[in-house]
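This note's numbering puts the sequence shown at residues 96 to 175.
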Amino acid sequence: VYKEVQLATRNGGELYVKAKGGFVRLYADGSTSAGSKCAIDTLALDAPLFKDRLGKLCVAPGTNRTALETAPAYLAIEKE
């Protein structure tokens, strides 16, 4: 089952999605901090994306963050 979910940011641009009664962190490879129970299929943003040294997605530049070389054109989807 795929469903559209709410995006959220905190701590200087760290990117999260609302899932399972809370929020999970998003990774550049499409995985999440919820393990295999929740994954990103697509992600739609009007902002550039960055990843930190651990591969976690961010929407703001910062220390140890690199810009992703992709045009933002995705949609956040939770897989149940």
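C-beta: ideal position from N, C-alpha, C; glycine also. Nothing here was measured: the structure is a model prediction, and the numbers come from that model.
Query                                                                                                                                     : Result
Does the separation of the CB atoms of valine 100 and alanine 114 fall below 8 Å?                                                         : yes
What do you get for alanine 139, buried or exposed, if any count of 16 or more other CB atoms within 10 angstroms of its CB means buried? : exposed
Rounded to whole angstroms, what is the Cα-Cα separation between asparagine 106 and proline 156?                                          : 12 Å
Below 8 Å on the Cβ atoms is my guess for lysine 151 versus leucine 121; work out the distance and round it to an integer in Å.           : 7 Å
Does lysine 132 come out as helix, strand or coil in the three-state DSSP assignment?                                                     : helix
Helix, strand or coil for glutamate 164, going by three-state DSSP, please let me know.                                                   : coil
Going by DSSP, which residues form a beta bridge with alanine 103?                                                                        : Tyr111
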